Structures are given as structure tokens and as C-alpha cells.
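Peer 1: Residue numbers (our numbering), protein chains in the order written: chain A, 725 to 1472; chain B, 622 to 835. Glycine is no exception: its CB is placed at the ideal position from the N, C-alpha and C atoms. Here the structure is a predicted model, which means the values were calculated and not measured.
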Amino acid sequence: MKQLPLLLNLILLSSFAMGQTLISGKIKDPKGKGVAGASISLKDSYDGGTSDSTGLYRFKTTETGEHLIMVTCIGYKPIEQKISIGAEALNLDLILKEEPNELKAVVITAGTFEASDRKRAAAVLNSIDIVTTASANGDVTGAIKTLPGAQQVGESEGLFVRGGTAAETKIYIDGTLVNNFFFSSVPNVAQFGRFSPFLFKGTVFSTGGYSALYGQALSSALILESIDLPDQTSANIGVTILGVNAGYQQLAKNKKSSWGGGYSYTNLWPAFKIIKQRQDYKQAPVFHNADFNFRIKTSKTGIIKYYGYLSTNQLDFTVNSLDSLGYKDRFGLKNLNTFHNLTWRENLGRRWKLNTALSFSINKDDIEGNMANEAGNKVLLTGLEFKNFGLTNRSQFFNSRIVFEKKLKGLSAIRFGNEFNYSNEKNTYTLYNNQQFPGRLEQNTVSGFAEADIYITNNVAAKTGLRAEHSSYLNKTNLAPRISLAYKLGNQSQASLAYGVFYQNPERRYLPAPVQLGFLKASHYIAQYQKTSSLITFRAEVFYKKYHNLLKTGFVNNREVATGNNGFGDAKGFEFFWRDKKTIKNLDYWISYSYLDTKRDFLNFPFAIQPNFAAKHTTSLVVKKFITKLKMNLNGSYNFASGRPYYNIQTDLNGPKFTDRGTIPAYHNVSFSINYLPKIGKQGAKSFAVYVLQVSNVFNTKQVYGYQYSYNALRKEAIVPPSRMFVFIGAFISFGVDRTDDAINSNL
Amino acid sequence: MKSFSVTLLMAFFVASSLFAQSDKYTGAMKKNITELDDALKNNSMAALAGNFERIATAEKTQWLPYYYASYCTVMAAYMEQDKSKTDAIADKAEGFIKKAEELAGAENAETCIIKSMIASAHMMVDPQARWMQYGQASASNIEKAKKLDPANPRAYYLDAQGKFYTPEAFGGGKTVAKPVFEKAIELFGSFKPASELHPSWGLTSAQYFLSQCN
């Protein structure tokens, strides 16, 4: 029995006396620089270490023989290597390659501004920024107008980008073209977008050189991505001086699907009673909007989303007529619009992805114009009979798109697919004598596209694409190449280049034309430098844009129609963008500046001139400050545009000529808004409220957008906003129904 | 007698190797757990996370090493000065806690606490822009932890810490945080970890914060 303790000792000793081998070395990147914080381990053992700030590591192991040594580090590809451990100390240097990483990799940003919550270099704004921009009035395009490239055009809706018209900017929701994004046009009163900014989680504003996935836009694409499943079941109500709204979103218990809907009623009568309008409203603008949505997760990564929208609105007003003193011009509009969008996104496996979308929309406009006497009754004046008219427009649009994407090695990818746009529009123009001129235009545009993202390394990327479009109306096909490059200069800076050819069908309002037409064409050349950190963004961009085959117009039966494709033009300029959330605590601001030098000969222009929608200098300053103590968000903005030219062009037998021309005064607009969030940060709060006060044109400055003329060009009048200053007050409350239903009951 | 001693010896041998296996795990875990406080002081949480990760990957079936790897990593995310790196570190911690939950079979109070900390780390990168998303995630995980284990002192400690750093105007501040720290410390007094390897951190920090509340 004596041997037993001895034996025990031996066993114990042997396990303690096992040899320890030292393994050390350096973890390096391919350039030989030490990589700090890498974890080194022997597979299936506890032994290993972590590299220090210079990349050096050392650890001891009791293992012997063949083993796998593994190295992992954030931002690098993990590696494994076979080693043989003997009694001798081992010196082993290992090289880690950078992992292709969306967050660190160069991003092609030439011409692109992204507003999203994704952590990428392209994202310069986040979703909430759109809503809290003072001059935006809660409108998506209002916020976009504070970015470089966009003009401050106040007399009509839409985005005028880099010398282009509003019609040269196309807006997409989840990939499909939206045909009536804005409420129907009203003379000299810019209309709002139809869709709430809260519908979208991502916005990409491209001022040029954009991807082959998008077409039919000579100047710009605004790409909106709708939200997926909501975070929780909730209800919301809002009361403002403009109307009321209510909505509900139900998230299924398993968080795999949701549905919801909302309704809003807007009546501008009370606001117009307080804030005097230039127009004399017989029927103040009234809007009914209803929407419904559902979203179903089809798999871990797949989702089907539907969004449906129905809206009606009407208005009727008179303004003093320039054509006959003492009389008034009347304008009445009734609109019905419905928009339905169904999308499906799915990972098909083997790194294939499918994105498909269908949208359908109907738009009906009934417009009536006439001369009216002092009392507002319709009159027919000799020589001005053309001012009494009726116009109805019934249009249907169908758009579809399918895109396949295959992820290749690293971040490289290829994408291809097609897009189909159908439009069917019926117009009836009714003269004062009830003579009717019906018109109908049906168009199909079929497009195919392919694109490749090629990441040569994390630092060099190229995107090349090709798009082909066939228009049934023109009976022509085009081929548009696009290419952009990006090179990472340093940790936070990068340079990008972009080139592309863009085509667009002639604008429908000038169709049908008496002549055979072709595509309008633009070529873009863009160079960009960008430096970004998480709190500071700086961008500088220069561009040159050449326009070919723009529409020229003439008058046929008092109607302006396309007479040819021989218009042309160009635009060049540079832009800066600076955003800083760092220098002053709790203060976030951005400044954008655009210089634009553009001339074009199109529509009824007698020769190439600086168009009346293009200002040479445009600047915006947007400031946001959160005052923690007061739970208030203060937002201010200043928009400036140098004077734009104005023209009165009259066409006689010798062709078009100027009867008047000049430059409007520079545009200044200072706006501010206060958001008061009394429940922010309150734990266990069952409701969340935002109170908004917004004042646009605080200093009541006179803003002139241009001039309008009497038909005989003898009298002119400045086009100004309907009111100089505008005040908006509202309360928005949402209830998270997740925690308790009581919140609704006690608050309603 | 001889056969008996051989049997005994063999039995001992088998037992000792079995014991040695789990002893190695327990020993390594204990050693690293005792280093938690020092690592916090020396800003070497990332390295300690590496130790736990190695144990986790070698063991394959234990959730606790992944839990500690996640805890150390999220603490490293808090301590990272370069905010552009914080998200990637917090994502790594997220990966570990997911594995811990898979191995544990379900989420538990301790993993919920870590998930709350991960959400807070993301939020700290840009509090104003991220408050809506991550603030809510952080709070709801604390609530879940309290529901799963009402006696867990760390849930209250983190809750109190969140209140401590929240400005008074937002319903936070020292006066609001103080009673919650006191509650946490009271719970620490009666808290018995399920084993010596189960989480038991937090008391010293809670005491420190409480002293700052006055």
C-alpha cells in the first residue's frame, strides 16, 4: 500500500511537469504593419493570446504535435495555419488580410446623397433629419432642397437639379416609378408630395451619374425605400391647424407580419382665414387621404410589402386678372389619385437575391378655368374667350420591375433585370363654346439593365452598367452606358468619378407631336472628394453635363406641342457640403453651396439662354439643436438663391422673341421650427408626443419667383408665394400598444 | 488485496482524468473570472474576451464562456475611444451572446442584461440619432431580465446606471438613480450565483455609483 501515495504523486507530478512551449511572433497586415487586438488561439485548446498595440503576441502551451493555429480580428479575414509544436520555442509571424467590409470599404458616392440609418459612408443624413429640417415643412423633397445640386424653386413643385427641369427628376418608391408623386399642379403654387416622410427608412438623392438600374430621368433620381416591419404595435393621432390624422399599425405576436392603415383630413380654410392668401378661395383646399399597408416576412430575409393610397382633393380660387382689369381669373381643381405598390424581396440562396415590384396608379384631374367678374360670376369676354376652358385628365399607370442580384467574392456583385412602364392618358380639352378636343396617349417603355460592382480591394471599387430602353411611342431604342469609380485615399477620405448617358422620353404634356420624335439625352461627368467621420462630413463635387436632343415646341391650336428634338444645352458647376455634429455640443448643422453655370435652348426659347429655373448660386444652412433641459428640438434654416433670370417669350410668325427679360431679386428664406417632446426618455411612458411649431419666412421678406404677363405682354406682375410667412402648429401623439391598451383608453 | 488495489488505482485513474477534464474548464474559467476587475482597470477587456472565446470554442457546449466573452467585448466597446469602431465591437459581442443563448437553450436574465448593454453601446455612438432605436432595445431587455429573474441585482444595477447617465430633463439623474442602486445592492446581498462560474459581477461598481449619487 505504500506505493499508492507514491504513484499518486507521480501522476500528479507528470501532469504538472508537462513541457510548456512558447509561441510568439507578430500579426501583420499585407503591408507589414502590426495588427493590434487580434486573437490567436490553438484550435480545440484554451491556449492563445492577443496581439498588443504593435501586433506582437506571445503565449505558452502544453500542447505538442500538429495543431491548427487560428487568428481572428475585427475587420480582417480569419486565418488558420497548421503548425507543429515541439520542445523548441516557436516564432511565427502571421499575415491577416482585410475583410471586405461594407462599413469600411470605399463606396461609390459621386453624385449621390443618401439619407438612411445604415452605417455607410454614403449616408450623410438619417431618416429623422428629413422630418426635422425647418424649411422642409415635413416634406421629403423640402429637405432634399437643402442639399447641393437642388434649386430653390418656389413657384412650382418638384426637384430642379443641376440645370434640369422638374420633369428631369424621377422619383422611385421601392424601385418603381411614381407618376404623380406631388399633388396636381396649381398655377404658381408649389404643391406638396403625397407621401409622408415617415413611410421611408431610406432616401437616396442622386444629382447625376446614377446606376443603370434607374432610367428615364435626364438629371436626377430620388430613390425612396419604404420601411419594413414596425418595431411595435402602435396607434397615432395628430391634430394640426391644417387638419387631423389617425393611424394604426398592428405587429403580429410572432413579429413576422404587420398591417396598418391611416386616414387624414386636411382643410386649409382655418389657416387661410388667419394667414391671408394672395388667392381668394371659394373652396379652400380640402384633402382626404387614406392608406393601407401590410408586410409579411416570407423567410429570414424575405419580405412582401404592400402599400395602398387613395386621395381626393379639391380647391377653387380667383386672382385678379392681368388680362382685363377689374376681372378675375378663376381656377378650380378636383383630383382623385390612387397608388398601389407591391414588392417582394427574397434571398434565393447561393448568394442570389431577388427584388421585384409592381405598382399601379390612377390619376383623375378635373380642371376648370374662366374669367369672372367682381362678384365671382363666370363671364365670357370678347378676345379672351380662350381663358374659359375645361380640362379633364384620366390616366392609368402600371410599372413593374424585377432585379436579380448575385453576390460575388467579397463585396462584388452583379445585378440585372428589367423594368416596364405603361401609361395610358386621356385628355379632353373643352373650349368656351363647349367644343371638345379629346386626346389619348398610350405608351409602353421596356427597359433592360445589367450592372456589376467590382471591388478590386477594399480601397478600389468600380460600378459599370448598361441600360437599354425601348419606347413604343417613339418606336426607338437607346443604349445607355454608366460607369463610376471610387478610390479610398485614407481612413476617412475617398475620391469618386462617374460618367453616364441618360435618356428620357419627351414630356407627355407636349405630346402627341405632329413630328417623329426621339429620346432626349444627357451625358454626365462627375468628380467628387469626400471626407467623413461619424460626426463630420465634407464633400466637394464638380460636374459637367451635356444635353442633346431636347424638345423644341411651337403652338398648334393654342396648345404648346413638341415640334422637334433639336434643343441642346449644358450645365457645369461645383458644389460643397459640410456637416458637423462635433464642434459644438448638441448642435448639428450643415451647409451646402452650389455654383451652377447653365444654358439651354429648348421649348420656346429663341436661342440658348440661362433658364428661368436656374440660379447661379444656391446656399442652405440647416441648424438643429437639442436642448435637453427643455426637451426641445430647435431647428433653423436659411436658404439663399441668387437672382434667377426671367423672360417673356412671345411667338409670332418670325418665331419666338423676348418681349421682356431681366433678373428677379435674390431669394432669402429663414425658417425655424420647435419640436417639443415632453415624454422623451421617460421610462415606461405609454405614449409619445411631439408638439410642433413651424414658421417659414420668419422675417417676412418679399420673395419673388418670377413674373407673369398678360396675354398681350403689356402688363406684368411678380409671382410670389401665396403668403409671405406661414405658421404651422400641430400635435402628434403615438401610443405603443405593446405594453398596455390602457394608454389608448386613458388618452383618447 | 492486490486486485483490489489495482481496481482502486484504475478507478482513481479514470476519475482523475474525468475530473481533470472538467477541472481544467473550471480552473480556466475561475482564473479568467478573477481577472475581470483588473482587466476593467487596465483596459484589457478585449484580451480577456479572447481568453473566454478560446475556452468557448474549445468546449463547444458551455454557454458561460460565450457569455463572459460577450460581457468582456461589450465592456471593450464602452471603453473604445474611437467611436467609429464601437459598432463593430458591439456586433462581435452580439455574436457571442447569440451563441451563449443557443447553448443555454433560451435567453435568460443574464443574457438579456448583456443584450441591453450591447444596445446601449450602439446608442452611445450617436445618441441623438439612435435613441429611438437602441434606447428602446436597451430598456426592453432590462425589463425582460427583471421579468425572468426578479431577484437579479445586475438588472437593477444597469437600470440604475442608465438612469444615472440620463439627463434629469429626460427623467434620469442621480436622485432617480440612487434608490435603484440601493435596491441593486440589497439584491446583491441575497444573490447566490448558480455556481461559482455563473455571473456575479457588479457589486463594486454599484457601490461606486451609489457613492457618486450623494
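Name the residue from K979(A), K767(A) and L818(A) whose alpha carbon lies nearest to the alpha carbon of G758(A).
Peer 2: That would be L818(A), whose Cα lies nearest to the Cα of G758(A).
Peer 1: With 16 other CB atoms within 10 Å as the buried threshold, where does G1073(A) fall?
Peer 2: Burial call: exposed.
Peer 1: Using 10 angstroms around the beta-carbon of F809(B), count the other beta-carbons present and answer buried if the total reaches 16, otherwise exposed.
Peer 2: buried
Peer 1: With H, G and I counted as helix, E and B as strand and the rest as coil, what does DSSP make of K1353(A)?
Peer 2: coil
Peer 1: Rounded to a whole number of angstroms, what is the C-alpha to C-alpha distance between R886(A) and N1158(A)?
Peer 2: 42 Å
Peer 1: Name the chain B residues that come within less than 8 Å of S1258(A), Cβ to Cβ?
Peer 2: K704, S705, V746 and D747
Peer 1: Identify every residue that forms a DSSP beta bridge with N1168(A).
Peer 2: Answer by DSSP bridge pairing, in chain order: Y1146(A).
Peer 1: Would you mind telling me which residues of chain B sit closer than 7 Å to I807(A), beta carbon to beta carbon, in chain order?
Peer 2: Within chain B, no residue comes near I807(A); the closest Cβ sits about 16 Å away, beyond 7 Å.
Peer 1: In its own chain, which residues sit with a C-beta less than 8 Å from the C-beta of Q1216(A), not counting the 5 before and 5 after it?
Peer 2: K1255, T1256 and S1257
Peer 1: Roughly how many whole angstroms lie between the Cα atoms of N960(A) and E1109(A)?
Peer 2: 50 Å
Peer 1: Do the segment 761-772 of chain B and the segment 798-806 of chain B touch if we need at least three Cβ pairs shorter than 8 Å?
Peer 2: no
Peer 1: So, helix, strand or coil for I735(A), using DSSP?
Peer 2: Note that I735(A) scores 48 on pLDDT, short of 50, meaning its location in the model is unreliable; the coordinates nonetheless yield the value given after this. Of the three classes helix, strand and coil, the one that applies to I735(A) here is helix, per DSSP.
Peer 1: Pairs of beta-carbons, one from the segment 907-915 of chain A and one from the segment 858-866 of chain A, closer than 8 Å: are there three or more?
Peer 2: no
Peer 1: Is T1277(A) near the ligand SAH - that is, is its Cβ less than 7 Å away from at least one heavy atom of it?
Peer 2: For the ligand SAH, the structure offers nothing, since it holds no ligand at all.
Peer 1: Using a 10 Å radius around the Cβ and a threshold of 16 neighbouring Cβ atoms, would you call G726(B) buried or exposed?
Peer 2: exposed
Peer 1: Check each residue of the segment 1022-1033 of chain A: if its Cβ is closer than 9 Å to any Cβ of chain B, include it; give the result in chain order.
Peer 2: none
Peer 1: Distance check for N1363(A) and Y1431(A), CA to CA, integer angstroms please.
Peer 2: 21 Å
Peer 1: L1078(A) by DSSP, collapsed to three states: which one?
Peer 2: L1078(A) carries a strand assignment under DSSP once its states are collapsed to helix, strand and coil.
Peer 1: Beta-carbon within less than 6 Å of V1347(A)'s beta-carbon, same chain only, minus the 5 sequence neighbours each way: which residues are those?
Peer 2: For V1347(A), the CB contacts under 6 Å within the same chain, skipping 5 residues up- and downstream, are Y1313 and G1360 in chain order.
Peer 1: Would you say I1126(A) and T1080(A) are within 8 Å of each other, going by their C-beta atoms?
Peer 2: yes
Peer 1: When DSSP builds the beta bridges, which residues end up paired with I764(A)?
Peer 2: G773(A) and V795(A)
Peer 1: Output, in sequence order along the chain, the residues in the segment 1359-1390 of chain A whose CB is closer than 9 Å to any CB in chain B.
Peer 2: none
Peer 1: From K1000(A) to P1446(A), what distance separates their C-alpha atoms?
Peer 2: 8 Å
Peer 1: Tell me whether R1139(A) sits in a helix, a strand or coil according to DSSP, three-state version.
Peer 2: R1139(A) carries a strand assignment under DSSP once its states are collapsed to helix, strand and coil.
Peer 1: Applying a beta-carbon distance threshold of less than 7 Å, which residues of chain B neighbour I798(A)?
Peer 2: Within chain B, the residues A709, I710 and K713 have their CB atoms less than 7 Å from the CB of I798(A), given in chain order.
Peer 1: Around the Cβ of D658(B), are there at least 16 other Cβ atoms within 10 angstroms (buried) or fewer (exposed)?
Peer 2: exposed
Peer 1: Enumerate in chain order the residues of its own chain whose CB-to-CB distance from I951(A) is below 6 Å, with the five nearest sequence positions on each side excluded.
Peer 2: K925
Peer 1: Can you give me the C-alpha to C-alpha distance between F1084(A) and R1069(A), rounded to a whole angstrom?
Peer 2: 18 Å
Peer 1: Quick check: A834(A) and A1222(A), are their CB atoms within less than 8 Å of each other?
Peer 2: yes
Peer 1: Starting from F996(A), trace the alpha helix (DSSP H) in both directions and tell me its first and last residue.
Peer 2: W993 to I998
Peer 1: Contact criterion: CB-CB distance below 8 Å. Does G586(B) meet it with respect to chain A?
Peer 2: It is not possible to answer for residue 586(B), since the shown part of chain B is limited to 622 through 835.
Peer 1: Does T788(A) come within less than 8 Å of chain B when only Cβ atoms are used?
Peer 2: no
Peer 1: Give the DSSP-derived three-state secondary structure of D780(B) in the structure shown.
Peer 2: helix
Peer 1: Where does F922(A) sit, in a helix, a strand or coil, going by DSSP?
Peer 2: helix
Peer 1: Please classify N1013(A): is it buried, with 16 or more other beta-carbons within 10 angstroms of its beta-carbon, or exposed?
Peer 2: buried
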